[in-house]
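Quick notes on the structure that follows.
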Amino acid sequence: MNLVPPAAPVSTPLKEYSRRWSVTEEAHLIYLRDTQYASFDAIAKAMDRSPNAVQNCYRELRQKALAAAITWTPDLDAAIISGRKRHLTCVETAHAMQLAPEAVQERWRYLKANKLVPEDVLAMWQRKEKVEFAEWEDEAILRLWIRGMDDAEIAERLGGGDILVGKRKADIAARRRELTKGSPLYSKMLDVDQGKADASGGLGGKPKYEWQK
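4 is the number of the first residue of the sequence shown in our numbering; add one for each residue after it.
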């Protein structure tokens, strides 16, 4: 299979987290995945992206496509809002409506973004909903933590900008604490970092862990 990447600048690992997808890149991703049946790893290599970034973009495009295929009516919107008011998740609401969960999730985001959700329902879910982090966002947080940055430095570097959009400093700090309690991703990244240190004969950055001293 010949995967021809579109013209794109070479990016560094950190820039990867904030590099936006162009319309041309999104179309190329859909072509490679849905027409050429390429794996996410192969697409990532061809498009100079990480596999996680490719998967996340494809998932979002699929959600938007499913939502766009439905003729949304006031009754359907009301059914989504009613389900959420009854404490149902988007998936549970979708099953009750016999619609694809991805379509309902995308429509719920649309309703919130356009201020079409009643204040009482919105307030209820703002209290309940946990801030979600994609795997690439977890990697960005952990990469800086392993380099020796503290929570304030990580939040300053990643929060409130184009990298972790919509994430508050408190959200980022809480996620870092959760991840470093022993998540598989954290263990994997520590192993990789330790391997690089062994190969170079030392550790860069300031020490933070017992094994770094």
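Think of the CB as a built atom: it goes at the ideal place given N, C-alpha and C, for glycine as much as any other residue. Since we're looking at a predicted model, the values are computed, not measured.
CA-CA distance, residue i and residue j?
i           : j           : result
residue 154 : residue 79  : 43 Å
residue 127 : residue 190 : 36 Å
residue 54  : residue 61  : 11 Å
residue 43  : residue 192 : 21 Å
residue 170 : residue 76  : 32 Å
residue 160 : residue 99  : 42 Å
residue 1   : residue 194 : Any property of residue 1 remains undetermined from this structure, which presents the chain solely from 4 to 216.
residue 84  : residue 23  : 31 Å
residue 119 : residue 151 : 43 Å
residue 39  : residue 33  : 9 Å
residue 164 : residue 115 : Low confidence applies here, because residue 164 scores a pLDDT of 49, under 50, leaving its location unreliable; read the following figure in that light. Taking the straight line joining both Cα atoms gives about 21 Å.
residue 117 : residue 26  : 23 Å
residue 74  : residue 156 : 46 Å
residue 186 : residue 31  : 33 Å
residue 94  : residue 173 : 28 Å
residue 129 : residue 184 : 26 Å
Pop quiz: residue i and residue j are said to be a contact at Cβ under 8 Å. What is the actual Cβ separation, rounded to whole angstroms?
i           : j           : result
residue 87  : residue 111 : 7 Å
residue 66  : residue 135 : Rounded, the Cβ-Cβ distance is 14 Å, inconsistent with contact.
residue 167 : residue 140 : 6 Å
residue 64  : residue 29  : 6 Å
So, are the CB atoms of residue i and residue j less than 9 Å apart?
i           : j           : result
residue 178 : residue 149 : no
residue 138 : residue 102 : no
residue 106 : residue 72  : yes
residue 49  : residue 35  : yes
residue 92  : residue 82  : no
residue 113 : residue 158 : no
For the alpha helix (DSSP H) that residue i lies in, which residues bound it at each end?
i           : result
residue 101 : Where residue 101 is concerned, there is no enclosing alpha helix (DSSP H), given that its DSSP letter is neither H nor E.
residue 43  : 43-50
residue 143 : 138-149
residue 161 : 154-161
residue 58  : 54-71
residue 77  : 77-88
residue 26  : 26-33
residue 172 : 172-182
Mind checking residue i: buried by the 16 CB within 10 Å criterion, or exposed?
i           : result
residue 58  : buried
residue 52  : buried
residue 122 : exposed
Is the CB of residue i under 9 Å away from at least one CB in chain B?
i           : result
residue 141 : Within the model displayed, chain B is absent; a lone protein chain is all it includes.
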